[in-house]
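Accompanying notes for the structure given below.
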Amino acid sequence: MPGMSFELLRQWSSEICDLCSATDDALKSGDAISAAVKMRGIADWVVREAYAAWSLKLPVQQSLFDLVSNTAFRDHLSPLIENKLHRIRKLGNRGAHNEAVPGNDAFKVWNDCLEVVRWFYLNVFVARRLAEGGPIFERPEKESPKCSNPADQTGDTDKVNKTHVDGVGENGEVPMVTFPHANNSSVDVRTFVERWRRKFEEPDSPYRWEEAVPRLNAVVDYQTQLKNGRRYSLDVLCREIVPESYRNTMQATNDFMDINSRALERCIVVNHLTGQRVQGARLTNFAKDFLEVRT
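Residue numbers (this note's numbering): 1 to 295.
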């Protein structure tokens, strides 16, 4: 979160926004022990928020260790996020017992904490807003960001609310398909993920993670589909796309987290700038413009 501004989180929760700001202030003032305790509080808050959002039953023992280690909760996580949560927990325990907390350790774990907040902001708050069909952001009255494409400014959904699919059109162009609103989606999620799993599993497959990003944007719209009686999380859907052999590598874990975040971030960017659901390659420029405005 560049610039250490956490106002983006306020629409999610004033509590988590203020707690992140207080942690950042503690680090800047050199109070690593206080910062460590606050980071543990952040981790505890987002984990409990995720439990509630995913309708998970709390374990009998409800320490942060027990909450994070619960199998039902871990099913929604990548190992990378799980490890970050445990690092935050351990450092926070040291701070709570008034043990020495080196400043370097505190700053390293603060980065982990920011990743955790970002991860759950995207996979809990934003996913819920998308599922409900409501706007992710209420655009500030004084803000008038510029779009990178004139069509985007006019709200031409025929030009912007589309994404590429496989195949070639009549004039040699890649055909386009408009993805419907999540609540009205007729596309079967299993068909979608199965098609992409096969592409990744092909010998010498030319497909890489970057190729999956536009498709994962579409997954966001489909996550209201049910699986075993509960809503899909983007994390679970991505796991179904990726072969087991690749998923178990550390590089896959890092790529896995990055793709999840970027797919949702791009939806956020477009929703914020245009008020519309936009898929496809134009999102790259949208993201660039938004980041310039935000910083």
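Glycine included, every Cβ here is placed at the ideal spot set by N, Cα and C.
So, helix, strand or coil for residue i, using DSSP?
i: Ser13; result: coil
i: Gly30; result: coil
i: Leu122; result: helix
i: Lys57; result: coil
i: Lys162; result: For Lys162, the predicted model reports a pLDDT of 33, less than 50, meaning its position is unreliable; a value from the coordinates is still stated below. In the structure shown, Lys162 sits in coil (DSSP, three-state: anything other than H, G, I, E or B).
i: Leu19; result: helix
i: Val117; result: helix
i: Pro102; result: coil
i: Asn93; result: helix
i: Asn70; result: coil
i: Tyr51; result: helix
i: Asp75; result: coil
i: Phe65; result: helix
i: Phe107; result: helix
i: Pro145; result: The predicted position of Pro145 is uncertain, since its pLDDT is 36 and thus under 50; a value taken from the coordinates is nonetheless stated next. DSSP places Pro145 in coil when its eight states are reduced to three.
i: Val46; result: helix
i: Tyr222; result: Residue placement at Tyr222 is poorly supported in this model, since its pLDDT is 46, which falls under 50; the coordinates are not used for a value here.
Whose C-alpha, out of the options, is nearest the C-alpha of residue i?
i: Ile16; options: Lys28, Trp45, Trp119; result: Trp45
i: Pro93; options: Phe6, Val109, Ser78, Ile81; result: Position check: residue 93 holds Asn in this sequence, whereas Pro was assumed. Cα-wise, what sits closest to Asn93 is Val109.
i: Asn98; options: Ala36, Leu85, Gly41; result: Ala36
i: Asn104; options: Ser13, Arg48, Ala22, Gly30; result: Gly30
i: Met39; options: Gln61, Ala52, Asp25; result: Asp25
i: Arg87; options: Phe6, Ala72, Cys113, Pro102; result: Cys113
i: Phe120; options: Leu91, Trp54, Asp18; result: Trp54
i: Ala100; options: Ser34, Ala22, Phe6, Glu7; result: Ser34
i: Ala22; options: Leu122, Glu7, Tyr51; result: Glu7
i: Leu91; options: Asn111, Ala72, Gln62, Leu122; result: Asn111
i: Asp66; options: Ser13, Ala52, Val47, Ser78; result: Val47
Is residue i near residue j, with beta carbons less than 9 Å apart?
i: Leu9; j: Val117; result: yes
i: Ala32; j: Leu64; result: no
i: Leu80; j: Asn70; result: no
i: Val68; j: Arg89; result: yes
i: Lys84; j: Glu49; result: no
i: Asp96; j: Leu27; result: The sequence given here has Ala at residue 96, not Asp. Not closer than 9 Å, so no.
i: Leu58; j: Gly41; result: no
Any heavy atom of the ligand GTP closer than 8 Å to the beta-carbon of residue i?
i: Phe107; result: Of ligands this structure carries none, so the ligand GTP is not represented either.
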